[in-house]
Every structure is written in C-alpha cells, then in structure tokens.
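What follows is one structure encoded as structure tokens, with my remarks underneath.
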Amino acid sequence: MPHFMTLPRHIQEGEKLHPEATGELSAILNQLGLAAKVISLEVNKAGLVDILGFTGDSNVHGEQVKKLDIFAHDIMIKAMDHGGHFCVMASEEEEDIIHIPAHHKIGKYVLLFDPLDGSSNIDVNVSIGTIFSVYKRISKDGKPGTLEDCLQEGYKQVAAGYIVYGSSTILVYTAGHGVHGFTLDPAFGEFLLSHPNMKIPEKGRIYSINEGNYKYWDNGLKKYIKYLQDADNRGVKPYTSRYIGSMVADVHRNLIYGGIYMYPADKRSPNGKLRLMYECNPMAFIIEAAGGRAIDGNQRILEVKPTSLHQRIPIFIGSKDDVDMVEKFLKEDVDFSKSHTTVKVH
Ligand code: AHM
Ligand code: MG
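Numbering (our numbering), first residue to last: 1 to 346.
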C-alpha cells in the first residue's frame with residue numbers, strides 16, 4: 001500500500017481505471033470529505049458547548065449555538081448545494097426535498113443524507129456518524145430535481161458512504177468498486193487510506209440489537225437470539241453482544257470484525273425504526289459491496305421500492321452467513337430445540 005494515500009488522491013487514482021468517468025463523482029466525494037472534516041471538528045468540541053454557551057444561546061461571535069445535528073445538516077447543505085453536481089437533495093432532518101438554490105447550476109446527481117446519526121449519543125461523547133447516498137437523477141436534465149429522483153431503489157445508488165466520529169474519525173465509501181476506509185489525521189487535516197478494499201468476514205461472532213425491546217419481538221427473532229447465546233450447546237463459543245446505539249458505529253465495527261446488526265420490526269414499531277433512504281439503503285450498499293448482506297426480513301433492502309422520503313424499515317445487516325441464518329429463523333420460525341438437523345450450524 002503506498003504511503004500517504006489521501007482521499008482525493010485515492011479517488012483520482014480510481015478514476016484513472018475508469019476512462020469513461022467524468023470526474024463529477026470524484027468532485028462529489030471530495031466535497032463530502034470536506035463536509036466531514038468540518039462536522040468532525042464540531043463534534044470534537046461538543047462537550048465545550050456547556051462551557052462556551054448552551055444551544056440556543058449566542059456564542060462569542062454573537063452567532064446562535066446550534067444543536068449538533070442541525071449544525072451537521074446545515075454544513076452538508078452548504079458544502080454540497082453549489083458544486084453544480086446535484087439537482088435535488090434530502091436530509092433526515094428535513095421533511096421535504098431540498099431544492100438547489102436558483103442561482104446555482106443544476107446537476108445530474110441526487111444526494112440523500114443523515115447528517116448526524118445516533119442522536120441519543122450526541123451529548124454523552126459516544127460515537128455518532130454521518131451517512132450519505134448518491135443516485136443519478138431520473139427526471140429531465142437541466143430542471144430542478146423531484147421527489148421521484150429521491151425515491152429510487154437502493155441498488156441504483158452510484159455511491160454511498162459514512163463517517164464515524166469515534167476514537168478517530170473514519171470515512172468509508174464505495175462507488176461500486178470496493179469499499180475503502182480513510183482515517184482523518186487531525187494534525188494534517190487529511191483523510192488517509194487506512195482500510196483499503198474492506199471485506200466483511202463471511203461469518204462473525206457479534207450480534208448488535210437493542211435487547212430492551214425483547215418482549216415486543218416475534219418468536220422467530222427471540223429464538224434466533226437464544227440460538228446465538230446457546231452456541232456452547234453446539235460446541236462453539238456463544239456470540240458476543242455489542243450495541244452502541246449508533247448504527248454507523250455498530251455496522252462499522254461489524255464490517256471489520258464480522259457480525260450482524262439488527263433493528264427489527266416489533267409489536268410497537270411494525271416498520272422498525274430506521275429510515276430506508278437515509279440509513280438502510282446506504283449502509284446496505286456498502287455492506288453488500290464488502291461481501292455482506294442486508295435484508296428487511298422478507299427481501300433484500302436494496303430492492304425495496306421506496307414510497308416516501310422518511311419511510312422506516314426493519315433491517316438485518318452484516319456478515320453473509322449470519323444474515324442467512326437470521327433469515328431462516330424469521331421465515332421458518334425454526335424451533336431450535338427440535339431442529340438441530342434443519343438449521344445449518346457453522
Ligand atoms: P437517529 O437517526 O435518531 O439517530 O436514530 C437512529 C439510531 C441508530 O443509529 C441506532 O442504531 C438506533 O437509532 C438506536 O435506537 P434505539 O435507541 O431504539 O436502540
Ligand atoms: Mg439517523
């Protein structure tokens with residue numbers, strides 16, 4: 001691996017392999033990298049808000065101190081709306097589609113993003129993240145983009161990525177050719193290639209789910225979790241439970257170590273909690289590009305036909321064998337006590 005492979009250089013080198021590339025996607029990814037740096041800086045100052053002024057107060061410059069998620073939302077828009085690449089955008093923080101201001105050039109791409117995911121962790125110094133998803137427009141060129149441009153199936157994404165603000169800041173993206181991770185060097189302010197060609201292990205040893213919701217789950221899911229915990233009955237180590245409560249951080253860890261992240265439907269939330277367009281589709285695109293799987297229990301997340309911008313969907317995402325297994329439990333409602341032979345044990 002060459003040393004000091006920065007994000008812009010990596011994107012440029014990738015482009016050389018694709019002579020048909022116009023450079024637009026590269027410009028978009030570079031600009032997203034810039035937005036990530038600005039958000040990362042602000043995230044690192046989060047604890048200082050109490051010292052320098054509460055949200056809603058004016059800061060030393062007389063500006064309003066914004067909540068971090070609103071700050072991230074504004075930065076994404078400011079960084080991305082004027083490059084001439086997009087015809088429309090949409091954010092988890094905004095009800096409707098976001099139009100490109102009339103004085104900016106209108107482009108052929110569509111950007112969807114969750115500016116700061118893991119909102120319950122923002123105030124307690126636990127990892128949070130930004131998620132983005134890029135599509136080509138389907139409406140006529142030159143005109144403002146439409147809701148239909150935003151409501152495309154996930155498999156039509158041309159790029160997707162996330163940034164985890166954790167013990168370090170890491171940006172992971174795929175433009176369809178491999179998944180690559182870059183760590184932000186805080187001294188140079190550059191994203192440096194740290195995780196080239198990421199592949200999720202075929203099978204993991206970690207499961208991530210909010211077990212506080214156990215009593216609302218369907219029986220199939222209850223049995224699956226029991227199956228993971230009872231692995232020693234089958235002569236293997238039980239799975240480890242790890243749940244941060246930030247999808248980006250949980251899925252990032254499972255991408256590296258292998259495992260499964262789940263946010264299921266349950267008796268209280270029949271559609272689960274997470275958003276198809278801002279969270280599930282981009283993460284599914286990345287995990288599939290890394291060799292994993294993502295389903296909603298019935299079908300591949302990337303094939304779900306979206307019906308609304310903020311639609312929620314259950315998700316099971318991670319190592320291929322682990323998703324295969326949960327799918328069996330969900331579909332067949334396997335009774336493990338009687339089914340040692342029907343369930344394939346790895
Ligand atoms: P958010 O968009 O409000 O941050 O919600 C999404 C987050 C995910 O990152 C995380 O995995 C999940 O919600 C946690 O939810 P819960 O607290 O119900 O376990
Ligand atoms: Mg979110």
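Cβ atoms here follow ideal geometry from the backbone N, Cα and C, with glycine treated the same way.
Taking the Cβ of S119 as the reference point, at least one heavy atom of ligand 1 falls within a distance shorter than 7 Å. N254 sits buried, since 16 or more C-beta atoms from the chains shown fall within 10 Å of its C-beta. The beta carbon of H85 lies closer than 6 Å to those of E24, I28, G107, Y109 in the same chain, with the five residues before and after it left out. Residue side-chain check: D324 keeps its Cβ at 7 Å or more from all non-hydrogen atoms of ligand 1. Contact between Y261 and M247 holds, with the beta-carbon distance rounding to 7 Å and staying under 8 Å.
Here the alpha carbon of E42 sits roughly 43 Å from the alpha carbon of A231. Membership of S26 in the alpha helix (DSSP H) is indicated by the continuous run 24-44. S120 has its alpha-carbon roughly 22 Å from the corresponding atom of L309. Secondary-structure assignment with DSSP links H99 through a beta bridge to V88. Inter-residue distance for L192 and I11 is about 12 Å (C-alpha atoms, whole angstroms). Cβ atoms of I313 and D296 come within 8 Å of each other, at about 5 Å. E288 has its alpha-carbon roughly 14 Å from the corresponding atom of G259.
E92 has its Cβ nearer than 7 Å to a heavy atom of ligand 2. For the options V88, T130, I163, the alpha carbon positioned closest to that of K136 is the one of V88. Across the structure, K331 and N298 are spaced so that their CA atoms are roughly 8 Å apart.
By the beta-carbon neighbour count (other beta carbons within 10 angstroms, threshold 16), G212 is exposed. Classified as buried, Q157 has 16 or more neighbouring CB atoms from the shown chains inside 10 Å of its CB. Secondary structure of D218 (DSSP, three-state): coil. One alpha carbon belongs to R268, the other to Y216, and they sit about 7 Å apart. When DSSP states are grouped into helix, strand and coil, Y173 belongs to the strand group. If you keep only unbroken alpha helix (DSSP H) runs of at least 4 residues inside the region 95-161, you get 147-150. Annotation: the continuous beta strand (DSSP E) that includes D185 extends over 179-185. H195 carries a strand assignment under DSSP once its states are collapsed to helix, strand and coil. Rounded to the nearest whole angstrom, the CA to CA distance from S208 to Y243 is 5 Å. The DSSP-derived three-state label of I225 is helix. One Cα belongs to D114, the other to E92, and the distance between them is close to 5 Å.
One alpha carbon belongs to K237, the other to Q229, and they sit about 9 Å apart. A distance criterion of 7 Å places the beta-carbon of Y278 in contact range of ligand 2, judged by its closest non-hydrogen atom. The region 168-177 makes contact with the region 187-206, as at least three CB pairs between them are under 8 Å. When the beta-carbon positions are compared, R205 and Y227 stay at least 8 Å from each other. Selection M277, D74, G291, A35 evaluated against Q311 yields M277 as nearest (Cα-Cα). The Cβ atoms of Y224 and V326 lie closer than 8 Å to each other. Put simply, the backbone Cα of D69 is about 32 Å away from that of D322. Looking at the DSSP output, S241 sits in a beta bridge with Y207.
Spatial neighbours of N281 in its own chain (CB-CB distance under 7 Å, excluding positions within 5 residues in sequence) are listed in chain order as S133, G154, Q157, I301, L302.
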